[in-house]
Amino acid sequence: MTDERLRDVLPIPDRPYDGELPLDAKDPEATFPPIEPLRPPAGAPNVLVVLLDDVGFAASSAFGGPCATPTAERLAANGLKYNRFHTTALCAPTRAALLTGRNHHTVGMGVITELATSAPGYNSVRPNTCAPLAQTVQLNGYSTAQFGKCHEVPVWQTSPMGPFEAWPTGSGFEYFYGFIGGETNQYYPAIYDGTTPVEPETTPEEGYHFTEDMTTRAIGWVRQQKALTPDKPFFVY
Numbered sequence: 028m029t030d031e032r033l034r035d036v037l038p039i040p041d042r043p044y045d046g047e048l049p050l051d052a053k054d055p056e057a058t059f060p061p062i063e064p065l066r067p068p069a070g071a072p073n074v075l076v077v078l079l080d081d082v083g084f085a086a087s088s089a090f091g092g093p094c095a096t097p098t099a100e101r102l103a104a105n106g107l108k109y110n111r112f113h114t115t116a117l118c119a120p121t122r123a124a125l126l127t128g129r130n131h132h133t134v135g136m137g138v139i140t141e142l143a144t145s146a147p148g149y150n151s152v153r154p155n156t157c158a159p160l161a162q163t164v165q166l167n168g169y170s171t172a173q174f175g176k177c178h179e180v181p182v183w184q185t186s187p188m189g190p191f192e193a194w195p196t197g198s199g200f201e202y203f204y205g206f207i208g209g210e211t212n213q214y215y216p217a218i219y220d221g222t223t224p225v226e227p228e229t230t231p232e233e234g235y236h237f238t239e240d241m242t243t244r245a246i247g248w249v250r251q252q253k254a255l256t257p258d259k260p261f262f263v264y
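For the sequence shown, the numbering used here gives the first residue as 28, with consecutive numbering after it.
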């Protein structure tokens with residue numbers, strides 16, 4: 028078959044180089060450019076989002092509240108404080124808005140997932156026209172991970188059998204360690220590593236608590252990420 032007929036049968040995609048595409052790997056002129064890993068622009072920052080569920084601005088000492096948060100105070104003293112974040116007065120809808128940059132009704136989260144209906148904006152199903160923030164940065168070269176609570180999965184998709192497109196690992200997070208739903212036992216949590224159910228490695232009698240567990244996992248993940256891909260920034264939620 029001639030080269031011209033081959034090109035009709037096997038359309039050749041856009042080429043990132045000049046010249047004719049060799050049709051035979053044994054062709055001595057068959058050279059190709061190196062595969063370049065996707066990386067964000069130089070200086071792209073690491074991003075860490077620490078979300079305190081159902082806590083208002085007035086609670087933290089960083090904003091003048093009664094709850095001592097010395098680490099947050101130190102961070103705020105060396106950065107910027109924002110106090111006009113839009114909340115929806117409900118936990119899961121607020122997080123859905125934060126994780127997509129969209130109005131919560133636009134991503135189907137007009138109410139918590141357990142109260143979803145088929146009404147537009149209230150079905151708890153994020154349309155595929157609304158990309159999650161984690162997916163956007165992951166597609167631009169970031170490493171991404173989520174730890175802790177995920178209350179944005181439709182209730183009929185929360186079993187270990189999925190489907191998993193609304194789970195963190197289906198929403199742009201390359202790694203997830205936490206629980207699905209509105210709450211879990213802090214001492215005997217129902218936790219997942221990715222989409223696999225796992226048991227805590229220690230017991231409450233041995234000092235186990237989920238907050239410390241997920242924090243330790245997050246620190247370990249960041250250390251591994253920086254050890255293996257130090258040139259990639261991370262987005263951790």
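In this text, a Cβ means the ideal position worked out from N, Cα and C, and glycines have one as well.
Note that the structure is a prediction, hence the values are computed from the model and not measured.
Contact between the stretch 124-134 and the stretch 144-155 is present: three or more C-beta pairs spanning the two stretches fall below 8 Å. Taking a 10 Å sphere around the C-beta of Pro159, we find 16 or more other C-beta atoms and assign the residue as buried. Looking at the DSSP output, Val263 shares a beta bridge with Leu75, Ala172. DSSP places Phe206 within a strand segment (E or B) once states are collapsed to three. Per the coordinates, the alpha-carbon of Thr171 lies some 21 Å from the alpha-carbon of Thr185. At least 9 Å separates the beta-carbon of Tyr264 from that of Leu166.
With a threshold of 16 other beta carbon atoms within 10 Å, Arg101 falls short and is exposed. Excluding the 5 residues flanking it on each side, Asp81 has same chain C-beta neighbours closer than 6 Å at Cys118, in chain order. Residue pairing by DSSP places Tyr219 opposite Gly205, Pro224 in a beta bridge.
Close CB contacts of Pro195 within its chain, under the 7 Å cut and outside five residues either way in sequence, are with Gln173, Cys177, Phe203 (chain order). In the structure shown, Ser87 adopts extended strand secondary structure according to DSSP, grouped into three states.
One alpha carbon belongs to Thr115, the other to Leu78, and they sit about 15 Å apart. Boundaries of the alpha helix (DSSP H) around Phe237: 237-255. Cβ-Cβ distances below 6 Å link Val74 to Phe262 in the same chain, with the five nearest sequence neighbours on each side left out; the list follows chain order. Within the same chain, and ignoring the five residues on either side of Pro227 in sequence, the residues whose Cβ sits closer than 8 Å to its Cβ are Tyr215, Pro216, Ile218, Tyr235, Phe237, Asp240. The distance from the Cβ of Ala85 to that of Ala103 is about 15 Å, inconsistent with a contact at the 8 Å cut-off. In the structure shown, Cys94 adopts extended strand secondary structure according to DSSP, grouped into three states. Cβ neighbours of Asp258 within its own chain (closer than 8 Å, five residues either side excluded): Arg66.
In this model, Glu192 and Phe206 are separated by some 16 Å (Cα to Cα).
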